[in-house]
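**Q** All residue numbers for the sequence shown refer to our numbering, where the first residue is 1122 and numbers rise by one.
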Amino acid sequence: MPARVIDVRQVEDLRDVVHQAVEVLTGGQLVAFPTETVYVVAARALEPRAVRRLLELKGRPEEHPLTLALYSAAQARDYVPDMSRLAQRLARRCWPGPVTLVLPDSHPEGLSRRLPPEVQKAVSAQGRLGLRVPGHPLIMEVLRMMAGPLVLSSAKRTGQPHARTAQEVIKQFGEEVALILDDGPTRFGQPSAVVQVEGCQYRILRPGVVPAEAIKRLASLLILFVCTGNTCRSPMAEALARKMLADRLGCPIDQLEEAGVMVSSAGIAAVLGAQASPEAIEVMQSYGIELKDHETQPVNETLIRHADYIFTMTHSHRQAIVDQWPEAAERTLLLSPEGIDIADPIGGSVERYRRCAQQIHRALAVRLQEVELP
């Protein structure tokens, strides 16, 4: 029987399409979805017969497990409770988006253990799980409405090109899936990058939309320092941390990023593009550090999501971040290990700035030892 095709571009209320897709999936049938990469065929992970049908459709050998689609990076911790810092970093930064992470599936409390045995074998045949949060609103809404994840595979037969349009899906699977959702050509038109993570190491198993250089940058450690205006305390902390970390890694400061470490700063109430205060510039020169090129920036969602460690100058800075981004709470720490605020030297003498820099330096000597370097 030919698949039912819905052109979602012509639908006034997408909620109706989402409900239809959920109904088909819950009934144990297959649905072809657009994603930002290519079209995929999906089955409900709690329906073994549907997953079996997907395997038969693809002719997928056991050494090529299917992918689990989740609705958020946070949900990945339910399936891989012992995710390494590197895996958590890539999940935060890449999802939703065109990257599939292949992670160890060894934790006894991982939710993959609650999938039907036949499905477990299909998604974790080699003791690893392939996880992805697709960056397309249609499949994301379906995932939010369903109990459990979806099992995905690209809408292509072995040896055939990836389906970039619904018409290409119809050509290959038009008689074998129940529903095809047509959203026109996919955004990228090529498959996701597949990255395997083991501890603090990663390996690109399949190149894709995200190039290797971008993956390398996304895998880098990011330390963020936050104050109010980003003109004195946080830029001094950033500059001092760069120097201390470069010394620790035995590399020049300008090669710190090449070593996989990025350091930045921002302000809760900062404007974009202002300079560091003259006093901060003068004090940093006494440390052999040039701060003239610093440009202020406000704290934003991308910085917070990407940062592995967020060090704030005061309790109020930390509270402001946690209030707006609760998911960053465990990554947001007071810079002072003694739990005291580092006072703002703005408007004070150069000597006051110098004492502030010394306080920051002492705090960094402790805090940077807690940082897990690549």
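In this text, a Cβ means the ideal position worked out from N, Cα and C, and glycines have one as well.
1. Alpha carbon to alpha carbon, how far is H1438 from L1236?
2. Please report the Cβ distance between A1287 and V1126, rounded to the nearest whole angstrom; I am assuming they are in contact, meaning their Cβ atoms lie under 8 Å.
3. Between which two residues does the alpha helix (DSSP H) holding Q1241 run?
4. How is the beta strand (DSSP E) around D1128 delimited, first residue to last?
5. Is the CB-CB distance between H1427 and R1253 below 8 Å?
6. Look at the alpha carbon of Q1281 and the alpha carbon of I1291, and state the distance between them as a whole number of angstroms.
7. If you drop the 5 nearest sequence neighbours on each side, which residues of the same chain put their C-beta closer than 6 Å to that of R1278?
8. One question on the structure: do R1285 and V1420 come within less than 8 Å of each other, judged by their Cβ atoms?
9. Measure the alpha-carbon distance for G1148 versus P1332 and round it to whole angstroms.
10. Rounded to a whole number of angstroms, what is the C-alpha to C-alpha distance between D1414 and Q1396?
11. Run through DSSP, which three-state label would F1309 get?
12. State the CB to CB distance for the pair D1303 and D1128, rounded to an integer number of angstroms; the pair is presumed to be in contact (CB under 8 Å).
13. Would you say the region 1473 to 1489 touches the region 1316 to 1327, given that touching needs at least three Cβ pairs under 8 Å?
14. Can you tell which of E1334, P1312, L1151 has the C-alpha that lies nearest to the C-alpha of G1295?
15. Using CA coordinates, which residue listed in T1352, V1263, L1377 is at the minimum distance from A1390?
16. With which residues is T1188 paired in a DSSP beta bridge?
17. Classify S1470 as buried or exposed, calling it buried when 16 or more other Cβ atoms lie within 10 Å of its own Cβ.
18. Who are the near neighbours of V1103 in its chain, counting only those whose CB is closer than 7 Å to its CB and skipping five residues on each side?
19. Within 10 Å of its beta-carbon, does L1393 have 16 or more other beta-carbons around it, so buried, or fewer, so exposed?
20. Among the residues of its own chain, which have a CB less than 8 Å from the CB of V1139, if the five just before and after it don't count?
21. I'd like the list of long-range same chain contacts for G1218, defined as Cβ closer than 6 Å, with 5 residues on each side in sequence excluded.
22. Give the range of the alpha helix (DSSP H) segment to which L1485 is assigned.
23. Which runs of the beta strand (DSSP E), 3 residues or longer, sit entirely within the region 1283 to 1356?
24. Do C1372 and M1434 have their CB atoms nearer than 8 Å?
25. Could you check if P1312 is buried or exposed, using at least 16 other CB atoms within 10 Å of its CB as the buried criterion?
26. Measure from the alpha carbon of Y1430 to the alpha carbon of each residue in R1210, P1186, R1174, then state which is nearest.
27. CB-CB under 7 Å to V1143, same chain, minus the five flanking residues each way: which ones, in chain order?
28. Leaving out five residues on either side along the sequence, give the residues of the same chain with a beta carbon under 6 Å from the beta carbon of A1380.
29. Which of the three DSSP states, helix, strand or coil, is assigned to V1404?
30. Looking at the structure shown, is R1165 part of a helix, part of a strand, or coil, going by DSSP?
31. Since P1328 and A1166 should fall inside the 8 Å C-beta cutoff, what is the C-beta to C-beta distance between them, to a whole number of angstroms?
32. Considering only the alpha carbon of each residue, which of T1156, Y1192, L1456 lies closest to S1355?
33. If you reduce the DSSP assignment to three classes, tell me which class Y1430 lands in.
34. Between Y1200 and S1233, how many whole angstroms is the CB-CB distance? I'm expecting something under 8 Å.
35. Leaving out five residues before and five after R1206 in sequence, what residues of the same chain have Cβ atoms less than 8 Å from its Cβ?
36. Using DSSP bridges, identify the partner residues of L1454.
**A** For this structure:
1. Going from the Cα of H1438 to the Cα of L1236 covers about 42 Å.
2. Contact holds; Cβ gap of about 6 Å.
3. Where Q1241 is concerned, the enclosing alpha helix (DSSP H) stretches over 1238 to 1244.
4. Bounds of the beta strand (DSSP E) holding D1128 are 1125 to 1128.
5. Result no, Cβ atoms of H1427 and R1253 do not sit closer than 8 Å.
6. CA-CA distance, Q1281 to I1291, rounds to 13 Å.
7. The beta carbon of R1278 sits closer than 6 Å to those of Q1293, all from its chain and outside the five residues before and after it, given in chain order.
8. No, the pair does not count as a contact, with Cβ atoms beyond the cut-off.
9. C-alpha separation (whole angstroms): 38 Å.
10. Those two C-alpha atoms are separated by around 7 Å.
11. Note: F1309 maps to coil in three-state DSSP.
12. Going by Cβ atoms, the distance from D1303 to D1128 rounds to 5 Å, so yes, they are a contact pair.
13. They do not touch, by the three-pair rule.
14. Comparing alpha carbon positions, the residue from E1334, P1312, L1151 closest to G1295 is L1151.
15. It is T1352 whose Cα lies nearest to the Cα of A1390.
16. T1188 has G1251, L1273 as its beta-bridge partners, per DSSP.
17. Burial call: exposed.
18. Since the first residue of the chain shown is 1122 and the last is 1495, residue 1103 is not available in this structure.
19. Flag for L1393 reads exposed.
20. For V1139, where only same-chain residues beyond five positions count, the Cβ hits under 8 Å are L1259, E1262, V1263, M1266.
21. Cβ neighbours of G1218 beyond the five flanking positions: G1256.
22. Counting along the chain, the alpha helix (DSSP H) containing L1485 begins and ends at 1471 to 1491.
23. Taken in chain order, the unbroken stretches of beta strand (DSSP E) that lie wholly in the region 1283 to 1356 and span 3 residues or more are 1300 to 1303, 1314 to 1319, 1322 to 1327, 1342 to 1348.
24. A distance of 8 Å or more separates the beta carbons of C1372 and M1434.
25. By the beta-carbon neighbour count (other beta carbons within 10 angstroms, threshold 16), P1312 is buried.
26. The option with the nearest alpha carbon to Y1430 is R1210.
27. So the list reads V1263, M1266, M1267, once near-sequence residues are dropped.
28. For A1380, where only same-chain residues beyond five positions count, the Cβ hits under 6 Å are L1370, C1372.
29. In the structure shown, V1404 falls within a helical segment according to DSSP collapsed to helix, strand and coil.
30. It is a strand residue.
31. Not quite, the Cβ-Cβ distance comes to about 27 Å (not below 8 Å), so this is no contact.
32. Taking S1355 as reference, the option from T1156, Y1192, L1456 with the minimal CA-CA separation is L1456.
33. If DSSP states are grouped into helix, strand and coil, Y1430 belongs with the strands.
34. For Y1200 against S1233, the beta-carbon gap comes to about 5 Å, under 8 Å, which counts as contact.
35. Once the five neighbours on either side are set aside, the close Cβ partners of R1206 are C1321, D1429, E1493.
36. Partner(s): F1432.
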